[in-house]
Amino acid sequence: MSLVAFTAVATATLLVSVVTSPDRDDLEEFYTGFGSLTPLRNGLAIAGDYLSAASVLATTGIIALVGYDGVVLALSTALSLMLLMFLLAEPLRNAGRFTMGDVLARRMPGRAARMAACAAALTALVPLMIVQLAGAGDLLAFLLGFNSTTFKTASVLVLGALMISYATIGGMKGTALIQILKIVTLLGSGAVAAALILHRFDWDPGALLAAAARGSGAGRAYLTSGLQFTGSCAPRLDMISSELTVVLGGAALPHVTMRMYTARNARAIRRSMSWAVLSVALFVPIVSVIGFGAAALVGAAPITADNAQGNTAFLLGARAAFGEATSVTRSLLFTTVTTAIFLTLLASVAGMILACGNSLAHDVLAYGKRQLTPRGELKTARIAALAVGVLSVLLATVVQHHNLQPLATLSFCLGASALAPALVYSLFWRRYTRTGLLWTLLGGSAACLILMTGTNMVSGSPTSAFPDHDFNWFPFMTTGVVSIPLGFLLGWLGTVLTSPRKAAEQRRQYEAVEGWILAGATARPAGSPPRAASRH
């Protein structure tokens, strides 16, 4: 039944991409869908892009295995989107056109800012795409009962081709509709599974938590903070670093911020973000109950035996909730859950491929020595998305047998340490200069890449990417404790070291568009082009 459902979903979503593909060679239609989505639909699309398959599966697994710390992680996920709503959403919509490079170039015209933004975007998103593509093969093998390497590799190739098709054919509008279908299916099926788990414990959360603590094998520690960071030299600091990385990193990843540019106006983006935050807020209790249910009904040992990181806990918990008796209803319910996860994988990677392709085409290739025509840029965007997608698929087939959690963590670290400081400074600090921007993006990214190699997620533990090696010289799970302050510091340092003449000139450039960026002011400086047609 699962295979039939997957085939139907793949066919239907591909048809949606074809039907919604741009009718004309219009950049605005491909990049933003003409802002045609209502706030409700755009909000659901934002939530769909934000909740990647890696986040859903990893968060459920952490809750199932370590309890309290996993719930804090889920809450941090929701808090990150709230940060985006209250701090960045409106300025991003006002300053941006199609990509993050547009936002940064609004006050710092030139290729340097665009190329640095593109490099940072690719560095942040490609690792996350690899994780989810590799996970797609494992998930399909788990659901269909195949364990051969050949089947997993073939699954990655086929699903990767499908994801690339969504991005290159459907553009922003096509991927948005798939994200909407994904988030509705995920929340709906998850809510049913969570309700059935609570029903198994007579709707008593205390009984569920007690059973989960017993099933985890950790006892009382399961319901207190710090279990996930037991081996750390500074558990509290490690926990703060991890949660701060999620809060700042999730809000700044390019495939999420690109949805801000699709809103018609400031009011529309506020309403869209309200729906997005509500959707993610519903996700937190659902994933928490399913995670605790997996620990209570399945147990930590069977979960880790199936996947050391607990990435199958969502499915195992849902299966246990539906009971052991074989029936048509049970099969349909579980198939709905598996289809939701399958759709989550497809939609998440498609959005990231689109973000990378758009950035390459619009921020780098369209601003070369020969500027592209709109038709040429649209063709280039599709080719760029195809190239990024193919590269990610090939890399996923090579590394699929390793623990790829460090790559997912790296993506959030890069978002928090390079992209978040660059956006905050660019949107709100008048004195910020091009030198400060480049130091933030390049220095923050370099710090993450270097420090990540020394974490215990890469080596030094049985569950690390290289369990047989130990070069664990950085005693934290994430790089955030060092790289986030460093990213902000480098931005400040690069700015204060800029020559006074250049600093004054770049400050005037910001002041000329400050009202536009922060408040969407309609009065623009002389010669400033309208938002929909601006080029920097």
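Heads up, the sequence shown is in this note's numbering, so the first residue is 107 and it goes up one at a time. The beta-carbon is built from N, C-alpha and C at its ideal position, and this holds for glycine as well.
Distance between residue j and residue i (C-alpha atoms, nearest Å)
| i | j | result |
| --- | --- | --- |
| A632 | A618 | Confidence at A632 is low in this model, with a pLDDT of 39, below 50, so its placement is unreliable and the value that follows should be read with caution. Cα-Cα distance, rounded: 9 Å. |
| Y473 | L228 | 18 Å |
| A524 | A223 | 10 Å |
| M188 | A180 | 13 Å |
| P311 | V353 | 27 Å |
| P581 | L293 | 36 Å |
| A638 | N200 | Its pLDDT being 43, under 50, A638 is placed unreliably in this model, and the value from its coordinates should be taken loosely. Near 11 Å, if we compare the C-alpha coordinates of N200 and A638. |
| T584 | L513 | 11 Å |
| V178 | G332 | 11 Å |
| L359 | L109 | 32 Å |
| L210 | I489 | 24 Å |
| S348 | L547 | 20 Å |
| A313 | L403 | 12 Å |
| C462 | M345 | 31 Å |
| A625 | P197 | 7 Å |
| S640 | V390 | Per-residue confidence for S640 stands at a pLDDT of 40, beneath the threshold of 50, marking its modelled position as unreliable; the derived number appears in the next sentence. When rounded, the distance between both Cα atoms is 39 Å. |
| A410 | R607 | Correcting the residue type first, residue 410 is Thr in the shown sequence and not Ala. Cα to Cα, the separation comes out at about 60 Å. |
| L231 | D308 | 43 Å |
| A260 | I270 | 15 Å |
| R326 | V393 | 21 Å |
| G243 | F257 | 8 Å |
| A324 | M206 | 44 Å |
Expected contact under 8 Å - CB spacing of residue i and residue j to nearest Å
| i | j | result |
| --- | --- | --- |
| L120 | Q285 | That belief does not hold up - the Cβ atoms of L120 and Q285 are roughly 15 Å apart, past 8 Å. |
| I396 | T166 | 6 Å |
| R213 | Y616 | 4 Å |
| V262 | T450 | 16 Å between Cβ atoms; not a contact. |
| V494 | L466 | 7 Å |
| M278 | G405 | Actually they are not in contact, since the Cβ atoms of M278 and G405 sit about 43 Å apart, beyond 8 Å. |
| G52 | G429 | Because the chain is modelled from 107 through 642, residue 52 falls outside the range shown and cannot be assessed. |
| A553 | S589 | 4 Å |
| G355 | F518 | 3 Å |
| G241 | N417 | 7 Å |
Cβ-based burial, residue i [other Cβ within 10 Å; buried from 16]
| i | result |
| --- | --- |
| V124 | exposed |
| R365 | buried |
| H642 | Caution applies to H642, whose pLDDT of 40 falls short of 50 and renders its modelled position unreliable; the value that the coordinates give is listed next. Buried, because 16 or more other Cβ atoms sit within 10 Å of the Cβ of H642. |
| W622 | buried |
| I289 | buried |
| R220 | buried |
| A629 | Residue confidence for A629 is low, a pLDDT of 43 falling below 50, so the modelled location carries little weight; the figure read from the coordinates is stated next. With fewer than 16 Cβ atoms within 10 Å of its Cβ, A629 is classed as exposed. |
| P100 | Residue 100 lies beyond the residue range present for the chain, which begins at 107 and ends at 642; the question has no answer from this structure. |
| T281 | buried |
| Y328 | buried |
| P635 | A caution first: P635 carries a pLDDT of 44, below 50, which makes its placement in the model too unreliable to give a value. |
| C339 | exposed |
| I447 | buried |
| N148 | buried |
| D175 | buried |
| H507 | exposed |
| N52 | With the chain represented from 107 up to 642, any question about residue 52 goes unanswered, as that position is not in the structure. |
| E647 | One cannot answer for residue 647 here, as it falls past the ends of the chain, which runs 107 to 642. |
| S433 | exposed |
| G216 | exposed |
| V602 | exposed |
| A369 | buried |
| N371 | exposed |
CA nearest to the CA of residue i, picked from the options
| i | options | result |
| --- | --- | --- |
| I275 | L555, H507, A456 | A456 |
| E134 | L315, A317, S347, A487 | A487 |
| L58 | P233, A552, A301, G495 | As shown, the chain starts at 107 and ends at 642. That puts residue 58 outside it, with no answer to give. |
| S498 | L595, V393, V264, Y328 | V264 |
| G173 | T444, G416, A319, V237 | A319 |
| T441 | F257, G337, S347, R425 | R425 |
| G266 | L501, D129, A625 | L501 |
| T561 | F335, Q238, A491 | F335 |
| R481 | T113, D131, T126, H507 | D131 |
| A299 | A374, A118, L438 | L438 |
| T144 | W381, R536, V434, W535 | W381 |
| L302 | S158, A427, G243 | A427 |
| G542 | G597, I556, L529, L283 | G597 |
| L239 | G141, H305, S454 | S454 |
| L250 | A111, T559, Q415 | A111 |
Residue-level contact to chain C via CB, residue i, 7 Å cutoff
| i | result |
| --- | --- |
| A427 | The question asks about chain C, but that chain is absent: this structure has only one protein chain. |
Enumerated in chain order, which unbroken segments of the alpha helix (DSSP H) with a length of 4 residues or greater are wholly contained in the segment 488 to 550?
-> For the segment 488 to 550, whole alpha helix (DSSP H) runs of length 4 or above, ordered along the chain, are 511 to 520, 526 to 534, 540 to 544.
Going along the chain, which unbroken runs of the alpha helix (DSSP H) with 4 or more residues stay wholly within the segment 151 to 236?
-> Those alpha helix (DSSP H) runs which fall completely within the segment 151 to 236 and span 4+ residues are 159 to 172, 174 to 189, 195 to 201, 206 to 211.
Whole alpha helix (DSSP H) elements within the segment 539 to 624, 4-residue minimum = Segments of the alpha helix (DSSP H) lying fully in the segment 539 to 624: 540 to 544, 550 to 558, 586 to 602.
Segments of 4+ residues assigned as alpha helix (DSSP H) that fall wholly inside the segment 367 to 454 = If we require 4 residues or more, the alpha helix (DSSP H) runs fully inside the segment 367 to 454 come out as 372 to 403, 406 to 412, 419 to 427.
Report the residue ranges of all beta strand (DSSP E) runs contained in full by the segment 252 to 317; include only those spanning at least 3 residues, in chain order.
-> For the segment 252 to 317, not one full-length beta strand (DSSP E) segment reaches 3 residues or more.
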